[in-house]
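Here the sequence shown is numbered in numbering that gives the first Met the number 0, starting from 0 and rising by one per residue. Glycine included, C-beta positions come from ideal geometry on N, C-alpha and C. None of these values were measured; they are calculated from a predicted model. Written out below as C-alpha cells is the structure these notes cover.
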Amino acid sequence: MNLVLPRHEVVVVGGASGIGKAIVLAFREAGAHVSVLDRDAEGLAELVKHDPEISTEGIDISDFEAMERFAEGKEVDHLVVAAAMGSGKPAMPFWKMTPSDWEPVIDVTLMGTVRSVYAFTPSLLRGDTERKSVLLLSSVAGQIGSPTDPPYSASKAAVINFAQCAARDFAPHGIRVNTIAPGMVRTNLNRSVYEATAAETGVSYEDWAEEKIGKISPLGRWQEASEIGAMSVFLASEQGRNITGQTLNIDGGQVMHS
Ligand SMILES: NC(=O)c1ccc[n+]([C@@H]2O[C@H](COP(=O)([O-])OP(=O)(O)OC[C@H]3O[C@@H](n4cnc5c(N)ncnc54)[C@H](O)[C@@H]3O)[C@@H](O)[C@H]2O)c1
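Listed below in C-alpha cells is the structure:
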C-alpha cells in the first residue's frame, strides 16, 4: 500500500503535543511538509528540535485573524484540527457546572475548529483540490452523551455535525472531510479529566484509567496516539479517496458497545 504523500502541504492545528503531535510525525514519515499551529511555544520548539523541517507558528485558535493571516496566499492539501480543551471541572450531575463554565470549552473546542476550517478554506480550494482533505478530531464523548464533561461532549458532537456539512459542501471539489473519534489516549487533556474527576480520591491516573477502560472498552486497552496518526495519513492518502463525512472510532469498540 502506497501511503507516501511527498510534496503534500499539511497544516495541523493543535499539533504541539499529544495526538496532534503524533499526527504531525505520521505525516512527516509519509514525506509531507507539515506546518503546526499551536499556542504551546515550548511544544512547538521541541518539534522543531526533533525535526527542523517542520514549520511552526504560535497561534491561539481564538484568534481568527491570526489564522487567516497565516493561511493567506498558501495552498494547503490537508488540514487537521486537533486543538481542544475540557472544562477541567467535575460535572456529574451537569448542574454542578454553570452555563458560563461551558463558554470557554465551546469557544476553543467547537469554535476553534470552526475558525480553523474557515481560515483555511481558501487555501483548500486553491490548486489541485482532488487530492485534498480535512480531518477534525472529535471524541467518543461526542457520540454517547458522556457525562464527564458536558460542554466538551456537546462540542465534539457539533464537530461531527459540522464535518458532515463541510463534507457535503467540499465534495463537488473532491475535498474529503472526516472525523476521528479516539477513546482513551494518554495525553495532557486525558489526564485533565482524571484531575477534574478522580484525583482527590487518591487513586492514581493509571489505576483510574485502567478501571475506566476495563468498563467501557471491549478490547480493554489504551489507544495509542500513533494509531490516530496512522489513520490520519490513510484518510489523507489516495487510498482514502472515497471516504468522506465519516466518523472513525479508534476506541477499542467503546461506541459499538455503548
Ligand atoms: N486523549 C484522549 O483520550 C482523547 C480522546 C478523545 C478525543 N481526543 C481529542 O484529541 C485531540 C487532541 O487532544 P490530546 O488528547 O492530544 O490533548 P493535548 O492537550 O495533548 O493536545 C491538545 C493541543 O491543542 C493545543 N491547544 C489547546 N487549546 C488551544 C488554543 N486555544 N489555541 C491553540 N492551540 C491550542 C494544546 O496546546 C495542545 O498542543 C482533541 O481534539 C481531543 O479532544 C482526545
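State the start and end residues of the unbroken beta strand (DSSP E) segment that holds Leu134. 132 to 136
Heavy atom of ligand 1 less than 7 Å from the Cβ of Thr186, yes or no? yes
Is any heavy atom in ligand 1 found nearer than 7 Å to the beta carbon of Val79? no
Which residues in the same chain as Thr186 place their Cβ atom closer than 8 Å to its Cβ, once the five residues preceding and following it in sequence are excluded? Ser16, Gly17, Ile18, Ala224
For Glu64, count the other beta carbons within 10 Å of its own beta carbon; 16 or more makes it buried, fewer makes it exposed. Which is it? exposed
In this structure, does DSSP put Asp206 in helix, strand or coil? helix
Does the Cβ of Arg38 lie closer than 7 Å to at least one heavy atom of ligand 1? yes
Taking Ser154 as part of the alpha helix (DSSP H), name the residues at either end of that continuous run. 149 to 169
Please confirm whether Thr128 and Gly173 have their CB atoms less than 8 Å apart. yes
In its own chain, which residues sit with a C-beta less than 8 Å from the C-beta of Ala162, not counting the 5 before and 5 after it? Val133, Leu135, Ser137, Val176, Asn177, Thr178, Gly244, Thr246
Could you tell me which of Ala235, Met183, Thr97 sits nearest to Ser216, measuring between CA atoms? Met183
Unbroken beta strand (DSSP E) run spanning Thr246, endpoints: 246 to 249
Kindly indicate which three-state DSSP category Thr243 falls into: helix, strand or coil? coil
Helix, strand or coil at Pro98 [DSSP, three-state]: helix
Return yes when the C-beta of Ser16 is under 7 Å from any heavy atom of ligand 3, and no when it is not. Among the ligands present in this structure, namely ligand 1, ligand 3 is not found.
Please find out if some non-hydrogen atom of ligand 1 comes closer than 7 Å to the beta-carbon of Val254. no
Using the rule of at least 16 other Cβ atoms within 10 Å of the residue's Cβ for burial, across every protein chain shown, is Trp101 buried or exposed? buried
Between the alpha carbons of Arg190 and Ile227, how many angstroms are there, rounded? 18 Å
Comparing C-alpha positions only, which one of Lys20, Gly13, Ala25, Arg6 sits nearest to Leu234? Ala25
Decide if the stretch 48 to 61 is in contact with the stretch 100 to 118; the criterion is three or more beta carbon pairs, one per stretch, under 8 Å apart. yes
With a threshold of 7 Å (Cβ to nearest heavy atom), would Met110 be considered close to ligand 1? no
Pick from Val158, Ala208, Asp168: whose alpha carbon is nearest that of Ile105? Val158
What beta strand (DSSP E) runs, 3 residues minimum, are completely inside the stretch 41 to 123? 54 to 57, 77 to 80
Residues bridged to Asn177 (per DSSP): Leu134
For Leu36, write down the residues that DSSP places opposite it in a beta bridge. Val12, Glu56
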